[in-house]
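As structure tokens, the structure follows; a few thoughts come after it.
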Amino acid sequence: MSQARTFNVAVAGATGAVGGAMLDVLERRDFPLGELRLLASSRSVGKKLTFKGKEIAVQLLDKDAFKGIDIALFSAGAARSLEFAPAAAAAGAVVVDNSSAYRMDPEIPLVVPEVNPHAIARYKKRGIIANPNCSTIQMLVALKPIHDAVRIKRIVVSTYQAVSGTGAKAIEELEAQVRAWVAGQPIPREVYPHQIAFNCLPHIDSFLDNGYTKEEMKMVNETRKMFEDDSIGVTATTVRVPVFYGHSEAVNIETERKISAARVKELMRQTPGVKLVDEPTLAQYPLALDCAGKFETLVGRIREDESIANGINLWVVADNILKGAALNAVQIAEILGRDYL
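Numbering (this note's numbering), first residue to last: 31 to 371.
Next up, the structure:
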């Protein structure tokens, strides 16, 4: 980001997995920082984190922590966002919130920079911008150029989501279960309702009255909000799988006008933030193992759906902690600094 001016940035939830990834992304993208203020709960106050070779002490996340801050990156959970984000905005910061707290608030923009950067301008009403759900982000990065070309009428998506989407304890549980299984010991289980090692759980977040989970309905509602089209049909099945990092998605779309698989591949090659990996005869297609630590959304297995007139299938993979959270938030901050602040 080429920028003469620097910006004071606070990271709320700095000691968490996504907070740590935000620091990594700020460093890797050389964000034009003035002050970097690290905030967390009282149990983490005084802990030191390293940024660009220097140690920075963690301060208390409270309503008085945002004086002099230009941009506040929040990844401290929905409850803390509801409590502290308005205070940050009142202090003059623009909040980029990674939780679910504000995503469907009609007054707050929900943004993926590759999809709807124009929506960032609406932050001025409340001083808050929402980061979408990780699984929605990567799907829409891949689908936006297709939607622009031929308009998508319907989306059917099945996700295969890594345990890191649940948090550090889930990562530890998967590792502990694998070790126990190899050793022939009882399988420990606390985080998930069933064993996750060597298993797939069609259950992410809580179930709703309509039989879908909250995670599934997030994908439905967030897609319609960001595409600014409530008529798009969206249905999702979200599955937790025994993978540490990287969400994978099988996406089937029906478009208003015909588009070939070759044209979709061409669009993917041209789309910022997307890397086409699609040589199946050479066993080259997006893999969760290959996306970890990478900024790009990987897209492959592109083929026409032979069961309908205007259908396309895609396989979409991305690092859920990076593009699914931290990177998306920093990209929004970059646009804020370049165009609005």
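Backbone N, C-alpha and C define an ideal beta-carbon position, used for all residues, glycine too.
Residue of the options minimising C-alpha distance to residue i
i      : options                           : result
Thr311 : Ser337, Arg287, Gly330 and Cys164 : Gly330
Gly122 : Arg110, Pro139, Asp94 and Ser129  : Asp94
Tyr315 : Gly323, Ala322 and Leu306         : Leu306
Lys324 : Arg333, Gly64, Leu357 and Leu63   : Leu357
Leu56  : Arg73, Ser71, Leu103 and Asp92    : Leu103
Ile99  : Ile86, Ala119 and Phe114          : Ala119
Pro302 : Gln361, Thr36 and Leu371          : Gln361
Ala200 : Gly64, Glu65, Val271 and Thr36    : Val271
Ile332 : Leu66, Leu231 and Ala291          : Ala291
Thr36  : Tyr242, Glu65 and Arg58           : Glu65
Asn240 : Pro223, Asn229, Thr267 and Asp260 : Thr267
Arg287 : Leu371, Asp178 and Ala313         : Asp178
Between the CA atoms of residue j and residue i - distance to the nearest angstrom
i      : j      : result
Ser278 : Leu352 : 14 Å
Ile182 : Ile289 : 11 Å
Ser337 : Asn282 : 11 Å
Asp443 : Ser129 : No statement about residue 443 is possible, as the shown extent of the chain runs from 31 to 371 and does not include it.
Phe257 : Asn146 : 8 Å
Leu328 : Ile138 : 29 Å
Lys244 : Ala34  : 42 Å
Gly214 : Leu204 : 15 Å
Tyr190 : Val221 : 18 Å
Gln300 : Ser236 : 38 Å
Arg58  : Val39  : 15 Å
Ala210 : Pro116 : 45 Å
Ile101 : Ser72  : 22 Å
Beta carbon of residue i nearer than 9 Å to that of residue j
i      : j      : result
Thr285 : Ile217 : no
Ala44  : Leu68  : yes
Gly276 : Val347 : yes
Asn340 : Val180 : yes
Lys248 : Asn163 : yes
Ile158 : Val187 : no
Phe61  : Gly367 : yes
Ala160 : Ala355 : no
Val304 : Glu326 : yes
Integer Cβ distance of residue i from residue j, believed to fall under 8 Å
i      : j      : result
Ile234 : Gln207 : Their Cβ separation, rounded to whole angstroms, is 18 Å, which puts Ile234 and Gln207 out of contact at 8 Å.
Val269 : Ala318 : In fact, because the Cβ distance is near 13 Å, the residues do not count as touching under 8 Å.
Leu344 : Ala192 : With a Cβ gap of about 19 Å, Leu344 and Ala192 do not count as contacting.
Asn91  : Ala70  : First, the amino acid is wrong: residue 91 is Leu here, not Asn. Going by Cβ atoms, the distance from Leu91 to Ala70 rounds to 6 Å, so yes, they are a contact pair.
Contact set for residue i: own chain, Cβ-Cβ below 7 Å, skip 5 residues either direction
i      : result
Leu112 : Ala131
Thr166 : Lys248, Met249, Glu252 and Thr253
Cys321 : Gly276, Leu328, Val347, Ala348 and Asp349
Lys295 : Leu306, Asp308 and Ile332
Tyr153 : Val124, Pro139 and Ile159
Leu231 : Tyr222, His224, Val269 and Arg270
Ala359 : Met52, Leu103, Val126, Asn128 and Asn161
Ser74  : Thr45 and Val88
Contact set for residue i: own chain, Cβ-Cβ below 6 Å, skip 5 residues either direction
i      : result
Leu53  : Phe81
Thr421 : Because the chain is modelled from 31 through 371, residue 421 falls outside the range shown and cannot be assessed.
Own chain, CB closer than 8 Å to residue i, minus 5 neighbours either side, in chain order
i      : result
Ala47  : Ser194, Gly197, Ala198 and Ile351
Ile365 : Pro143, Pro147 and Ile150
Lys78  : Glu85, Ile86, Ala87 and Val88
Met169 : Ile185, Val187, Met249, Thr253, Glu279, Val281 and Val346
Met134 : Leu140, Asn251, Glu252 and Lys255
Ile176 : Ile182, Ile283, Thr285, Ile289, Val294, Leu297 and Ile342
beta-carbon residue i near the ligand FAD non-hydrogen atom, thresh 8 Å
i      : result
Asn229 : Judged by which ligands are present, the structure shown has none, so any question about the ligand FAD falls away.
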